[in-house]
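Heads up: the structure comes next, in structure tokens.
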Amino acid sequence: MACVSFAKHNAPSSSWIGGQQSLPQRSGSSARLATRRVSLPIRAGAYTDELIKTAKTIASPGRGILAIDESNATCGKRLSSIGLDNTEPNRQAYRQLLLTTPGLGEYISGAILFEETLYQSTTDGKKFVDVLHDQKIVPGIKVDKGLVPLPGSNNESWCQGLDGLSSRSAEYYKQGARFAKWRTVVSIPCGPSALAVKEAAWGLARYAAISQDNGLVPIVEPEILLDGDHPIERTLEVAEKVWAEVFYYLAENNVIFEGILLKPSMVTPGAEHKERASPETIAKYTLTMLKRRVPPAVPGIMFLSGGQSEMEATLNLHAMNQSPNPWHVSFSYARALQNTVLKTWQGRPENVEAAQKALLVRAKANSLAQLGKYSAEGESEEAKKGMFVKGYTY
Ligand code: 13P
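The numbering of the sequence shown is full-length UniProt numbering, which starts it at 1 and goes up by one.
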């Protein structure tokens, strides 16, 4: 039987062409296929084995990611929705509530934090990263610096943050982060222009290479916004174009596919399209797109929720896990995990326990959906409320 191993290969990336692969040999007159050890070199740095292990841990059965990496400005929007001021103590209290939820690690394998949160502690003085370690949750960090207008495009944007990224990533690793997130967006109503797609893909690939060089598993997130009145076929077409370009540049930048995670939008009709699509249709289009574009070497697909209701996001994930997939198909939700929690908490200490229970309900529902075993029976009215906001900025 052929034995496959990952061999470390330390040639400089620019000269690397993977030339040491040996293929099955024909053995003389019998013409039978004789196989010998096949070595599949991948470009390896100091962290290759660790990156692969981290990515696999995050993509473990029945678990997904809790995204709570809202910038201070966006966290302010969450807090103001329940009448709280956007102060550091209020942000700390909210993140403490989420991260100290008892039993969270059963359903959550990774938590994406904003820089402020990565360096914060509980009110008892325990570092948030240690709280996560105790629950076997991998700490992650948002490393992009947000979106700005892209000159020369059709009112589109590009994502900043490559300057100084290597040294920032090294610091985040020291603080305990083991994966990273970079979110850029593509707008269907704005085109998207070839320039915007190329810029999004190139930026993601540069970020991914820099993250891996510093021991952080990059989450690759070109969010295709829900905005627009287009049909689902148009979303499929744009998503295929975007992911083709992303993988082209990931490969050009010698990114190790076994050590990344993807965070795609689901393929749905535009939010203002006249017809809604069922979870089965969304699953069919999304998986078709992913199977056409994403190599099975990638360990995990961790969807964003993008303004879907909590229940919709869970139902769609469940529909995608009704038959085996080449990758772990799971969640990395922010709004679809936090909505009921915030409404339950209302900033009151006496509501913390109930709010943590609400988080566990959502985390467990999505865990079951990851396993293809979710039932929407008994879901609350709050969980059914859509959260799409036209032109929403994170
Ligand atoms: P939503 O699930 O609210 O879309 O957020 C996911 C996320 O982290 C966006 O980068």
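In this text, a Cβ means the ideal position worked out from N, Cα and C, and glycines have one as well.
Values in this document were obtained by computation on a predicted structure and should not be read as measured data.
- Whose C-alpha, out of 247, 70, 371, is nearest the C-alpha of residue 314? 371
- Those residues, in chain order, that have a beta-carbon closer than 7 angstroms to some heavy atom of the ligand 13P: 67, 69, 112, 181, 183, 221, 223, 263, 304, 305, 306, 307, 332, 333, 334, 335, 336, 394
- Task: In the DSSP assignment, find the unbroken alpha helix (DSSP H) run with residue 246 in it and report its ends.
- Result: 232-252
- Message: Give the list of continuous alpha helix (DSSP H) stretches no shorter than 4 residues that lie fully inside the segment 83-170.
- Response: 88-99, 115-118, 128-134
- Message: Only counting the same chain, and skipping five residues up and downstream in sequence, which positions put a Cβ closer than 6 angstroms to that of residue 104?
- Response: 135
- Query: Counting pairs of Cβ atoms below 8 angstroms between the segment 262-269 and the segment 278-286, do you hit three or more?
  - Reply: yes
- Message: Please list the terminal residues of the continuous beta strand (DSSP E) segment that includes residue 328.
- Response: 328-333
- Message: So if DSSP puts residue 67 in a beta bridge, which residue, or which two residues, is it bridged to?
- Response: 112
- Message: Taking the beta carbon of residue 350 as the centre, do at least 16 other beta carbons fall within 10 Å, making it buried, or is it exposed?
- Response: exposed
- Are residue 181 and residue 69 closer than 8 angstroms when you measure CB to CB? yes
- Message: Please state the DSSP three-state secondary structure of residue 76.
- Response: helix
- Query: Going straight from the alpha carbon of residue 326 to that of residue 293, what length do you get?
  - Reply: 12 angstroms
- Query: Would DSSP call residue 295 helix, strand or coil?
  - Reply: coil
- Status (buried if at least 16 other CB within 10 Å, exposed otherwise) for residue 276: exposed
- Message: Three Cβ pairs or more, each shorter than 8 angstroms: is that satisfied between the segment 204-224 and the segment 176-194?
- Response: yes
- Task: Round the Cβ separation of residue 113 and residue 139 to the nearest angstrom and send it over; I've been treating them as touching at under 8 angstroms.
- Result: 6 angstroms
- Which value, in whole angstroms, describes the spacing of the CA atoms of residue 28 and residue 242? Confidence at residue 28 is low in this model, with a pLDDT of 46, below 50, so its placement is unreliable and the value that follows should be read with caution. Their backbone Cα atoms lie some 47 angstroms apart in a straight line.
- Message: Counting beta carbon pairs with one atom in the segment 188-206 and one in the segment 233-251, are three or more of them shorter than 8 angstroms?
- Response: yes
- Message: Once the 5 residues before and after residue 305 are set aside, which same chain residues still bring their CB inside 6 angstroms of it?
- Response: 313, 333, 335, 336
- Message: Tell me the rounded alpha-carbon separation between residue 175 and residue 59.
- Response: 22 angstroms
- Message: My assumption, with CB atoms under 8 angstroms, is that residue 78 sits in contact with residue 342. Please give the rounded CB distance.
- Response: 6 angstroms
- Give the range of the alpha helix (DSSP H) segment to which residue 199 is assigned. 194-213
- Message: On the CB-based measure, 16 or more other CB atoms within 10 Å of its CB, does residue 110 come out buried or exposed?
- Response: buried
- Any idea what DSSP makes of residue 24, helix, strand or coil? Residue confidence is low: residue 24 scores 43 on pLDDT, short of 50, so the model does not pin down where it sits. No coordinate-derived value is stated.
- Item | Boundaries of the beta strand (DSSP E) in which residue 181 is found, first to last residue | 179-186
- Task: Enumerate in chain order the residues of its own chain whose CB-to-CB distance from residue 152 is below 8 angstroms, with the five nearest sequence positions on each side excluded.
- Result: 195
- residue 365 versus 98, 172, 100, 379, residue with shortest Cα-Cα distance: 379
- Message: Can you look up residue 300 in the DSSP assignment and give me helix, strand or coil?
- Response: strand
- Pull up the distance between the alpha-carbon of residue 141 and that of residue 192, whole angstroms please. 28 angstroms
- Item | Closest Cα partner of residue 116 within the set 393, 106, 96 | 96
- Task: Give the secondary structure of residue 282 by DSSP, where H, G and I count as helix, E and B as strand, and everything else as coil.
- Result: helix
- Query: On the three-state DSSP scale, how would you describe residue 290?
  - Reply: helix
- Using 10 angstroms around the beta-carbon of residue 381, count the other beta-carbons present and answer buried if the total reaches 16, otherwise exposed. exposed
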